[in-house]
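Data first, discussion second: the structure below is written as structure tokens.
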Amino acid sequence: MSQPKVAVYKFSSCDGCQLSILNLEDELLDLAQAVDIAFFLEARSLVKPGPYDIAFVEGSISTPDEAERIQEIRRQTGTLIALGTCATSGGIQALRNFLHLDDLTWAVYDHPEYLKTLETSTPLSQHVKVDFELWGCPVNKYQVVEVVCALLSNRRPNLPTHSVCLDCKRNGTTCVLVAQGVPCLGPATRTGCGAICPASGRGCYGCFGPASSAEMNAMVSILKSLESYPGETYHLLRSFTGYAPDFRQAAEKIKSEAH
Amino acid sequence: MIKNIEVPALTRVEGEGALYIRLKDGSVTEIQLNIYEPPRFFEGFLRDRYFQEVPDITARICGICPVAYQMSAVQALEMALGVSISAQIRDLRLLLYTAEYIESHALHIYMLQAPDLLGHESALSLAEVAPEVVKKALRLKKIGNNLLRAIGGRSVHPVNACVGGFYSWPKLENIQSLIPDLEWALEAAKETVRWAAALSFPDFQVYDYQFIALTNPDEYGIYSGDILSSSGKITSVNDFEKEYIETHVRHSTALHSHTVSGATYLTGPLARLNLNFQQLRPEASQIIEEIGLELPIRNPYKALLARAVELVQVCAEAIDLARAYQPQGPSHVDVRPSSGEGYGATEAPRGLLYHHYVLDDTGCILHARIVPPTAQNLARIEADLWKLVPKVLDLPQTEATLACEHLIRSYDPCISCATHFLTLEILQD
């Protein structure tokens with residue numbers, strides 16, 4: 001692919017994944033040479049019309065307008081990449097999927113009737129075909145570079161799917177779960193962050209979503225034996241990637257067993 | 260005379276919104292800054308979460324200023340739980356905060372606002388003709404991000420801050436090794452002020468600003484203080500909601516703020532610098548004197564200059580804090596869950612950020628209230644546009660549009676905080 005046209009879009013999100021692209025301080029200017037950054041509202045005013053070869057989409061689908069807009073983006077995009085945990089799992093705002101929306105709007109807004117919002121916050125893959133998913137809250141910026149390089153050289157991107165737990169071993173980080181009894185989702189969470197939470201002396205909170213090898217039953221039983229407050233395991237699962245199927249189902253199981 | 264203008268999306272801002280300006284017979288009849296950033300209901304789903312989850316969850320309100328969210332949250336929760344932290348923990352929090360300021364201010368000065376002043380559509384196009392300027396910006400930004408990473412594990416949504424302090428002390432060598440870069444950053448920040456002083460800003464003065472900023476007798480108020488208004492009134496953080504009121508307006512998913520008497524107000528770098536310049540460190544005061552900057556600044560476009568002066572301030576602060584850093588003793592206070600109520604406010608790079616929590620006796624959230632800086636500024640941005648638009652009616656269409664967009668950008672609006680997609684549309688009846 002010679003100088004592909006790249007678009008970066010924002011849906012329901014905090015902008016942190018787009019910022020992660022702008023945080024490629026050493027690579028950004030080279031990247032802007034290698035690809036044609038044709039649509040990236042946060043970074044530039046120049047907008048070149050589609051179709052685009054590559055689209056990075058940050059954010060989840062949480063409004064009727066977004067549900068329509070993602071269809072249009074899919075139509076005019078070659079390779080569509082979900083950028084970050086909101087786009088791959090619905091994000092933290094998918095906590096609404098487990099609550100009553102009316103209760104939430106009243107908690108925040110005096111006039112919920114002014115708002116146009118969906119009952120749910122859902123990943124892009126529930127709406128359109130997604131070619132690659134980059135997990136993370138925020139995404140690992142080097143995975144963005146990897147995807148671009150792979151597409152430029154016409155190969156599959158190398159995106160690891162093993163667990164955070166394995167990276168702690170590689171980094172020589174003492175296991176916070178085994179050695180200190182700190183609840184840690186690392187054995188069940190996809191790598192990509194660099195295992196930074198255990199390195200900081202705390203447990204992983206699952207912001208890269210479930211690892212492909214996640215053994216949720218074993219994970220839950222260990223976590224429940226180590227809780228520092230009642231319900232901690234449930235809270236850990238019902239969090240930044242709580243709508244991802246493995247974590248969602250594990251949390252549902254805890255809830256049903258409690259009743 | 261300008262006619263209908265339609266810009267599909269306001270760019271180089273953090274988030275999504277639209278601007279509607281309606282003209283009739285050559286005068287402005289309606290201005291709406293329309294924020295249709297999807298609402299994400301943070302205050303709603305914070306309910307029933309455990310207090311220690313709050314700093315991590317509220318960080319996700321904003322990818323540009325997660326540390327601000329964490330710092331306001333931990334202080335509010337520590338008040339609710341009756342926790343006092345050590346001076347050492349406070350100093351490391353300040354250092355973490357300076358890192359976010361370096362990253363955020365460098366981003367906004369060079370990549371979001373400066374292209375307007377230099378006739379470019381982006382820092383990317385600027386880099387084609389002035390690569391040394393953009394490379395300096397990127398290096399500054401990177402130094403801020405590296406400091407964030409050294410303390411917090413990563414730059415966006417760092418993981419180390421908690422209620423009570425930090426999960427662990429950052430390694431001494433990881434902080435010390437950044438000092439030479441911070442010394443470079445301080446000089447680069449001074450050069451930024453000199454460079455910014457030579458830029459040609461639009462001639463636009465606003466005389467009815469009410470500036471609001473944290474003020475602290477001991478330091479330039481960022482991490483803590485009382486709330487000072489340019490009217491002279493000082494309000495304790497606990498009384499913020501009595502003095503500053505949010506209302507939900509139809510055209511915005513962000514709430515709009517007013518003082519209790521109904522006035523708009525301005526928070527952010529202009530307010531901070533104008534109110535608190537006497538607390539600046541010598542490095543920052545000297546640079547103000549060197550360029551002959553007159554305070555108060557009443558030109559909103561010149562917020563860039565205030566940001567540049569603050570960049571000097573925080574770089575100098577970061578150097579001192581990094582040099583003095585000596586990790587010893589516990590990195591956090593043990594916190595026991597209990598019921599309570601607490602308030603916290605800090606100065607995010609783009610303005611005052613207020614948090615208020617009520618906890619039940621298991622330490623879970625019963626009530627959460629968060630007032631982000633951009634929501635407080637929205638009504639003031641609209642008021643400024645009312646003053647600006649009559650002055651640009653005779654400009655060519657594209658220039659008039661750009662002047663409005665540039666004004667909005669100069670506020671460094673963080674619309675995903677306030678809740679994002681700025682479309683500029685001027686309608687002519």
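Protein chains in written order, with the numbering used here: chain A, 1 to 259; chain B, 260 to 688.
For every residue, glycine included, the Cβ atom is placed at its ideal position computed from N, Cα and C.
Cβ-based neighbour list, residue i, same chain, cut-off 8 Å, excluding 5 preceding and 5 following
i	result
Leu554(B)	Leu532, Asn533, Phe536, Ile547
Tyr449(B)	It is worth fixing the name first, because residue 449(B) is Lys in this sequence and not Tyr. So the list reads Glu542, Ile546, Val571, once near-sequence residues are dropped.
Asp65(A)	Lys116
Leu437(B)	Ile402, Asn405, Leu406, Ala409, Ala581
Ser459(B)	Leu376
C-beta atoms of residue i and residue j nearer than 8 Å
i	j	result
Gly84(A)	Ser12(A)	no
Ala335(B)	His615(B)	yes
Val287(B)	Val571(B)	no
Ala358(B)	Gly403(B)	yes
Gly136(A)	Gly192(A)	yes
Ala604(B)	Ile471(B)	no
Cys165(A)	Gly186(A)	yes
Leu24(A)	Glu380(B)	no
Cys663(B)	Leu644(B)	yes
Arg452(B)	Ile550(B)	It is Val, not Arg, that sits at residue 452(B) in the sequence shown. Taking 8 Å as the Cβ cut-off, Val452(B) and Ile550(B) qualify as a contacting pair.
Leu529(B)	Ile556(B)	yes
Tyr9(A)	Ala55(A)	yes
Gly242(A)	Ala87(A)	no
Glu273(B)	Pro596(B)	no
Leu353(B)	Tyr482(B)	yes
Ala634(B)	Glu500(B)	no
His364(B)	Arg566(B)	yes
Inter-residue CB distance, residue i and residue j (contact presumed, cutoff 8 Å)
i	j	result
Pro374(B)	Leu366(B)	Actually they do not touch by this definition, with Cβ atoms about 12 Å apart.
Tyr560(B)	Pro461(B)	5 Å
Arg202(A)	Val418(B)	7 Å
Gly480(B)	Glu606(B)	6 Å
Ser89(A)	Ala244(A)	4 Å
Asp30(A)	Lys5(A)	Actually they do not touch by this definition, with Cβ atoms about 17 Å apart.
Ser468(B)	Leu525(B)	According to the sequence shown, residue 468(B) is Tyr rather than Ser. Contact flag correct, Cβ pair sits at about 5 Å.
Tyr360(B)	Val573(B)	4 Å
Ile290(B)	Glu641(B)	6 Å
Sequence-distant residues of the same chain with beta carbon closer than 6 Å to residue i, five excluded per side
i	result
Cys623(B)	Asp307, Tyr309
Cys17(A)	Glu58, Leu83, Gly84, Pro138, Val139
Val235(B)	No statement about residue 235(B) is possible, as the shown extent of chain B runs from 260 to 688 and does not include it.
Leu563(B)	Ile368, Gln372, Ala455
Asp688(B)	Confidence in Asp688(B) is poor, its pLDDT being 43 and thus under 50, which makes the residue's placement unreliable; the coordinate value appears in the next sentence. Cβ neighbours of Asp688(B) beyond the five flanking positions: Lys283.
Trp428(B)	Pro586, Ser590
Pro632(B)	Thr526, Ala607, Arg609, Gly610, Leu611, Leu612
Leu226(A)	Gly181, Pro183
is_contact[residue i, chain B] using C-beta, thresh 8 Å
i	result
Cys17(A)	yes
Thr117(A)	yes
Cys264(A)	Since the first and last residues shown for chain A are 1 and 259, residue 264(A) lies out of range.
Asn97(A)	no
Gly209(A)	no
Glu25(A)	yes
Cys168(A)	no
Pro261(A)	The requested residue 261(A) does not occur in the structure, where chain A is confined to residues 1 to 259.
Lys48(A)	no
Cys184(A)	no
Beta-bridge partners of residue i, as assigned by DSSP
i	result
Asn293(B)	Ala277(B)
Tyr616(B)	Gly601(B), Ala627(B)
Val422(B)	Answer is none; Val422(B) lacks a bridge partner.
Ser2(A)	None; Ser2(A) has no bridge partner.
Arg44(A)	Ser381(B)
Gly136(A)	Val139(A)
Leu445(B)	Answer is none; Leu445(B) lacks a bridge partner.
Ser60(A)	Ser12(A)
Lys689(B)	Nothing can be reported for residue 689(B), as the shown portion of chain B is limited to 260 through 688.
Any C-beta of chain A under 8 Å from that of residue i
i	result
Ser516(B)	no
Asn636(B)	no
Pro608(B)	no
Thr660(B)	no
Phe300(B)	yes
Met330(B)	no
Glu450(B)	no
Ser381(B)	yes
Spatial neighbours of residue i in its chain, beta-carbon cut-off 7 Å, leaving aside the 5 residues before and after
i	result
Val594(B)	Leu340, Val342, Val422, Gly423
Glu741(B)	Given a span of 260 to 688 for chain B in the structure shown, any question on residue 741(B) remains unanswerable.
Tyr466(B)	Arg557
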